[in-house]
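*Asks:*
Residue numbers (my numbering): 7 to 624.
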């Protein structure tokens, strides 16, 4: 009630400022404000129902209460823009594909109903051949006790109705359990006859054909439409190849920061040597560190369960020697770059802290009988050290820089994913929190509380056993208890389970995951796309530019006066230069050529080379 009153107060403040419905930008004329209004109305309905009839409980009532989660979307403009891009702008195209998908699945469902209706029945006693013989008692091989013979369908799917046949065909489109369904259908003998393995092997052609056309063709069309809608809305599909290369190059340049080096080269003999070793990207120290990291990885991979104590000690000793070799880098960098620049590189500080901790753990493993916990911590630290290899590789370093530059887009996307998962986890908890656990449920695989619900929804996002879990929550009487009230019953709801689980499967697996693919393609294209040309600006050219930048910005602050930029742009010979003419047509080059001509007898050529092309002189 208190939260409802707070939201109501916000409603009155906003409507008094912008109007309710008659002004130009009034409350109800804004789409996201309408969602706020609907949520507020639902909250007041909840309050009135709770006060007037506390014993009123229905599954639909609890499902509606979960719509409060949508209030999170209206609080963030970033979430609003991202959700509009994903769902609203391309809704028509997605709806067309869904309709096309249903037009493809419904005829197959009707045909499957005509072929396999009531043919998945079998007797739980293996020695029975016909339905009439499935009577009396037999000793169960699993429990060893007498049980009744039952002629029924042991699976949680069937083709007995058009609705169940359609749901099963939609499950097959998700690539889940279709092989198992095909295997059951291949055992069919006929009405009232006990199934025999592979008796109707030719029925597999039906499922293979449906899977090939449905899962590969139709769903690929779905993915294509989702991606193209996003690219069209963001304008990416309208860009030319050169425009894309320009955007990629701009992202690459935006990730460049000045190097943290001393303003002046040290004059001391040892300091100068340490400085040279520290700044060389492909020098002795750089290559030695990479080799030692690879050796640590190799020694970690050589360990196995049940290894002899001697073998374990030998690997630990070699690992310790490698980590001690890496520790030598710390004083070299400290002396070469100085304390201020040493601490300025946060990544290096983190790396050295982990390195020292790993070395201490390795010393404990060699000198003492370390516990399993200490060994586990040591393995984790050795794995973290491998991240240093990213800095050693130009390609991996560039990929990491672009990941940081594109983190805003990716973070916005994961905020949307989290909001959708939060909504469905609360919805499923409200609807099926009291439902009896099925064969696929457990202490953690359930909707009993929000944490378990969120984890289970996260699992279903990957498509793992989502349909098996769905069928667990369609349980009906007599396999559950029906009470007078929703809170006194542990039965499920078929219609609601099918709608919620199928909707989440489409949204999570085929919309959100494909949007992630689009974001990866758009943000990391130049790292692997030939047309985008990663070689437009190599890491060596960036390092050379940093060296020239140091001449006008000794303290490496990243900011200089505008007039100093002219000097560096005239000096740099790469894609960053601003020269009007190539090197061989510069004034001093022409004067040098002319002086050489006067000293030697030289005739004017008919053609000269300009940018790799022969140009005829006028």
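Here a beta-carbon is modelled for each residue, glycine too, at the ideal position from N, C-alpha and C.
Note that this is a predicted model, so its numbers are computed, not measured.
How would you label residue 536, buried or exposed, when you count the other beta carbons within 10 angstroms and need 16 or more for buried?
*Replies:* Residue placement at residue 536 is poorly supported in this model, since its pLDDT is 42, which falls under 50; the coordinates still yield a value, given next. Looking at its Cβ environment, which holds fewer than 16 other Cβ atoms inside 10 Å, residue 536 is exposed.
*Asks:* Please specify which runs of the alpha helix (DSSP H), each continuous and at least 4 residues long, are wholly inside the segment 449 to 495, giving them in chain order.
*Replies:* 456 to 467, 472 to 478
*Asks:* Determine which residues share a DSSP beta bridge with residue 158 and list them.
*Replies:* Residue 158 pairs with 128.
*Asks:* Helix, strand or coil: how does DSSP classify residue 540 here?
*Replies:* Only weak support exists for where residue 540 lies, its pLDDT of 48 falling under 50; the value from the coordinates is given anyway. Three-state DSSP puts residue 540 in a helix.
*Asks:* Quick one: what's got a C-beta closer than 7 angstroms to residue 124's C-beta in the same chain, skipping five residues either side?
*Replies:* 166, 197
*Asks:* Indicate the three-state DSSP secondary structure (helix, strand or coil) for residue 194 in the structure shown.
*Replies:* coil
*Asks:* In terms of residue numbering, what span does the beta strand (DSSP E) encompassing residue 6 cover?
*Replies:* What is shown of the chain runs 7 to 624, which leaves residue 6 out entirely.
*Asks:* Specify the secondary structure class of residue 262 as computed by DSSP and reduced to three states.
*Replies:* Reduced to three states, the DSSP call for residue 262 is coil.
*Asks:* Look at the Cβ atom of residue 75, then the Cβ atom of residue 41, and state whether they are nearer than 8 angstroms.
*Replies:* no
*Asks:* Report back the beta-carbon spacing between residue 236 and residue 96 to the nearest angstrom; my notes put them in contact at under 8 angstroms.
*Replies:* Yes, residue 236 and residue 96 are in contact; Cβ-Cβ is about 7 angstroms, under 8 angstroms.
*Asks:* For residue 136, name the three-state secondary structure that DSSP assigns.
*Replies:* strand
*Asks:* Looking at C-beta atoms only, is the number of pairs between the segment 84 to 99 and the segment 434 to 449 that lie closer than 8 angstroms three or more?
*Replies:* no
*Asks:* Determine the contact status of residue 452 and residue 471, defining contact as a CB-CB distance below 8 angstroms.
*Replies:* no
*Asks:* Compute the Euclidean distance between the alpha carbons of residue 22 and residue 86, then round it to the nearest angstrom.
*Replies:* 23 angstroms
*Asks:* I believe residue 114 touches residue 216 by the beta-carbon criterion, under 8 angstroms. Please report the beta-carbon distance rounded to the nearest angstrom.
*Replies:* Right, the Cβ-Cβ distance comes to about 5 angstroms (below 8 angstroms), so this counts as a contact.
*Asks:* Using the beta-carbon count (16 or more within 10 Å), is residue 128 buried or exposed?
*Replies:* buried
*Asks:* Give the DSSP-derived three-state secondary structure of residue 580 in the structure shown.
*Replies:* Residue confidence for residue 580 is low, a pLDDT of 49 falling below 50, so the modelled location carries little weight and cannot support an answer.
*Asks:* To the nearest angstrom, how far is the alpha carbon of residue 253 from that of residue 409?
*Replies:* When rounded, the distance between both Cα atoms is 15 angstroms.
*Asks:* Where does residue 334 sit, in a helix, a strand or coil, going by DSSP?
*Replies:* coil
*Asks:* Measure the CB-CB distance between residue 520 and residue 232 and report whether it falls below 8 angstroms.
*Replies:* Yes, Cβ-Cβ distance for residue 520 and residue 232 is below 8 angstroms.
*Asks:* Going by CA-CA distance only, name the one from 55, 135, 513, 384 that's closest to residue 429.
*Replies:* 513
*Asks:* When DSSP labels each residue in this structure, what does residue 152 get in the three-state scheme?
*Replies:* Reduced to three states, the DSSP call for residue 152 is strand.
*Asks:* Exposed or buried, what is residue 534 when buried is set at 16 or more other beta-carbons lying within 10 Å of its beta-carbon?
*Replies:* Bear in mind that a pLDDT of 49 at residue 534, under 50, signals an unreliable position, so the number given afterwards is only what the model happens to contain. By the neighbour-count rule (16 or more Cβ atoms within 10 Å), residue 534 is not buried but exposed.
*Asks:* Could you check the C-alpha separation between residue 16 and residue 476 for me, to the nearest Å?
*Replies:* 39 angstroms
*Asks:* Determine which residues share a DSSP beta bridge with residue 199 and list them.
*Replies:* The partner list for residue 199 (beta bridge, DSSP) reads 136.
*Asks:* State yes or no: is the C-beta of residue 302 within less than 8 angstroms of the C-beta of residue 203?
*Replies:* no
*Asks:* Let me make sure I understand the geometry here. Which of 502, 323, 383 has the alpha-carbon closest to that of residue 436?
*Replies:* 502
*Asks:* Would you kindly work out how many angstroms separate the C-alpha atoms of residue 286 and residue 280, rounded to a whole number?
*Replies:* The alpha-carbon atoms of residue 286 and residue 280 are separated by roughly 10 angstroms.
*Asks:* Is the CB-CB distance between residue 229 and residue 504 below 8 angstroms?
*Replies:* no
*Asks:* So is residue 463 buried or exposed if we call it buried at 16+ other beta carbons inside 10 Å?
*Replies:* Under this definition residue 463 is a buried residue.
*Asks:* Go ahead and pull the three-state DSSP assignment for residue 2.
*Replies:* Residue 2 is absent from the structure shown; the chain starts at 7 and stops at 624.
*Asks:* Return helix, strand or coil for residue 25, following the three-state DSSP convention.
*Replies:* coil
*Asks:* Assuming the contact rule is C-beta atoms closer than 8 angstroms, residue 342 and residue 283 should be a hit. Round their C-beta distance to whole Å, please.
*Replies:* 6 angstroms
*Asks:* Determine the extent of the alpha helix (DSSP H) in which residue 379 is found, giving its start and end residues.
*Replies:* 378 to 391
*Asks:* Count the other CB atoms within 10 Å of the CB of residue 220; is the residue buried (16 or more) or exposed (fewer)?
*Replies:* buried
*Asks:* Terminal residues of the continuous alpha helix (DSSP H) containing residue 235?
*Replies:* From DSSP, the alpha helix (DSSP H) with residue 235 extends over 225 to 240.
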